[in-house]
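Undergrad: This is the structure, below, for whatever I ask next.
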Amino acid sequence: DAGITQSPRYKITETGRQVTLMCHQTWSHSYMFWYRQDLGHGLRLIYYSAAADITDKGEVPDGYVVSRSKTENFPLTLESATRSQTSVYFCASSDLTPEAFFGQGTRLTVV
Amino acid sequence: QKEVEQDPGPLSVPEGAIVSLNCTYSNSAFQYFMWYRQYSRKGPELLMYTYSSGNKEDGRFTAQVDKSSKYISLFIRDSQPSDSATYLCAMRINFGNEKLTFGTGTRLTIIP
Chain A
28 DAGITQSPRY
38 KITETGRQVT
48 LMCHQTWSHS
58 YMFWYRQDLG
68 HGLRLIYYSA
78 AADITDKGEV
88 PDGYVVSRSK
98 TENFPLTLES
108 ATRSQTSVYF
118 CASSDLTPEA
128 FFGQGTRLTV
138 V
Chain B
7 QKEVEQDPGP
17 LSVPEGAIVS
27 LNCTYSNSAF
37 QYFMWYRQYS
47 RKGPELLMYT
57 YSSGNKEDGR
67 FTAQVDKSSK
77 YISLFIRDSQ
87 PSDSATYLCA
97 MRINFGNEKL
107 TFGTGTRLTI
117 IP
């Protein structure tokens, strides 16, 4: 299917566990982003990537790791999950246009 | 202070009313101004974007940007129940700097 897909859609994990959220886009967009969305904070940028093997920190990168070995994939890893990382995570992509295309989101609960 | 401020609402208006949504910002380098619409449990989708100051109209939606006041608005005319969603303003400095900075979003409900 064309577009941007995130998996899993829902995840419950325990404090201290490592969790990886997947993001895949079929457009070959250069830019990919990870945001988290929390009540009262809106969408906050965690990490972004301008191309394969190029990543940079956003506003709230602590506790997260990203990689981008292929243009179409941009996984986000929580190295040791904490309750404060309970959130809805959105992946997005864009390619030098005003529009960023968002995935459906991953709802993560850390217990 | 956040770079982009947006009243989170919630805002409830009767069907057919004119809706006004607003954001203020502090970074004068922003040049691209966008409005995203997000339905419940979905990802945001671009509704409109404007470059620099001015107005842009698309059907029932009008976006306004006043860079001198660092203030942007989205107007919805003849509001419909299907317009019920969260509206997020977003801003970008320029092409080549693709990062979007979002407001917190305003939750809007149109009452039939």
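As they're listed, the protein sequences go chains A and B.
Per the numbering used here, residue 28 is the first one in the first sequence, and the count goes up by one each step.
Per the numbering used here, residue 7 is the first one in the second sequence, and the count goes up by one each step.
Yeah, the Cβ is synthetic: ideal placement off N, Cα and C, and Gly gets one too.
List the residues of chain A that Gly15 (chain B) touches, going by C-beta distances under 9 Å, in chain order.
TA: Within the second sequence, the letter at position 9 stands for residue 15 (chain B). Within chain A, no residue comes near Gly15 (chain B); the closest Cβ sits about 12 Å away, beyond 9 Å.
Undergrad: In the DSSP output, what is Arg113 (chain B) paired with across the bridge?
TA: Translated into the one-based positions of the second sequence, residue 113 (chain B) becomes position 107. By DSSP's assignment, Arg113 (chain B) forms a beta bridge with B:Thr92.
Undergrad: Looking at C-beta atoms only, is the number of pairs between the segment 69-80 of chain A and the segment 36-51 of chain A that lie closer than 8 Å three or more?
TA: no
Undergrad: Between which residues of its own chain and Pro118 (chain B) is the CB-CB distance below 7 Å, once the five residues before and five after are set aside?
TA: Translated into the one-based positions of the second sequence, residue 118 (chain B) becomes position 112. Once the five neighbours on either side are set aside, the close Cβ partners of Pro118 (chain B) are Glu21 and Pro87.
Undergrad: Would you say Glu104 (chain B) reaches chain A, if we count a Cβ-Cβ gap shorter than 8 Å as a contact?
TA: Numbered from 1 along the second sequence, position 98 holds the residue referred to as residue 104 (chain B). Closer than 8 Å: yes.
Undergrad: What residues from chain A crowd round Gly49 (chain B), counting only those whose CB sits closer than 7 Å?
TA: Indexing the second sequence from 1 puts residue 49 (chain B) at position 43. Chain A residues near Gly49 (chain B): Phe117, Phe129, Gly130, Gln131 and Gly132.
Undergrad: Should Lys62 (chain B) and Tyr75 (chain A) be called a contact, given that it needs their Cβ atoms to be closer than 8 Å?
TA: Working through the second sequence from its first residue, we reach residue 62 (chain B) at position 56. Working through the first sequence from its first residue, we reach residue 75 (chain A) at position 48. Against a cut-off of 8 Å, the Cβ pair of Tyr75 (chain A) and Lys62 (chain B) comes out as no contact.
Undergrad: Among B:Lys76, B:Cys95, B:Asp89 and B:Asn100, which residue has its Cα nearest to the Cα of Ala23 (chain B)?
TA: By 1-based counting over the second sequence, the position of residue 23 (chain B) is 17. Considering only alpha carbons, the answer is B:Asp89.
Undergrad: Give the residues of chain A in contact with Tyr93 (chain B), contact being defined as C-beta atoms less than 9 Å apart.
TA: In the second sequence, counting from the first residue as 1, residue 93 (chain B) sits at position 87. Within 9 Å Cβ-Cβ: nothing; Tyr93 (chain B) doesn't reach chain A, min ~11 Å.
Undergrad: What is the DSSP secondary structure of Pro87 (chain B), reduced to helix, strand or coil?
TA: Taking the second sequence and counting its residues from 1, one reaches residue 87 (chain B) at position 81. Pro87 (chain B): helix per DSSP, three-state reduction.
Undergrad: Could you list which residues in chain A have their beta carbon closer than 7 Å to that of Leu52 (chain B), in chain order?
TA: The residue you call residue 52 (chain B) lines up with position 46 of the second sequence. Residues of chain A passing the Cβ test: Glu126.
Undergrad: With a floor of 3 residues, list each beta strand (DSSP E) that falls wholly inside the segment 45-83 of chain B, ordered by position along the chain.
TA: 51-57, 60-64, 67-72 and 77-82
Undergrad: If we define contact as Cβ-Cβ less than 8 Å, is Thr110 (chain B) a contact residue for chain A?
TA: Within the second sequence, numbered from 1, the residue matching residue 110 (chain B) stands at position 104. Cβ-Cβ to chain A under 8 Å: yes for Thr110 (chain B).
Undergrad: Just to make sure I have the definition right: I need the residues of chain A whose C-beta is within less than 7 Å of the C-beta of Tyr31 (chain B). Which are they?
TA: Stepping through the second sequence from its first residue, residue 31 (chain B) is reached at position 25. Simply none; closest approach about 13 Å.
Undergrad: Measuring CB to CB, does Thr47 (chain A) end up less than 8 Å from Thr113 (chain A)?
TA: As a working mapping, residue 47 (chain A) is identified with position 20 in the first sequence. As a working mapping, residue 113 (chain A) is identified with position 86 in the first sequence. Taking 8 Å as the Cβ cut-off, Thr47 (chain A) and Thr113 (chain A) do not qualify as a contacting pair.
Undergrad: Does Ser121 (chain A) come within less than 8 Å of chain B when only Cβ atoms are used?
TA: As a first step, residue 121 (chain A) must be located in the first sequence, where it is residue number 94. Closer than 8 Å to the CB of Ser121 (chain A) there is at least one CB belonging to chain B.
Undergrad: Quick check: is the beta carbon of Leu70 (chain A) nearer than 8 Å to any beta carbon in chain B?
TA: To locate residue 70 (chain A), count along the first sequence from 1; it is residue 43. Judged by the 8 Å Cβ criterion, Leu70 (chain A) is in contact with chain B.
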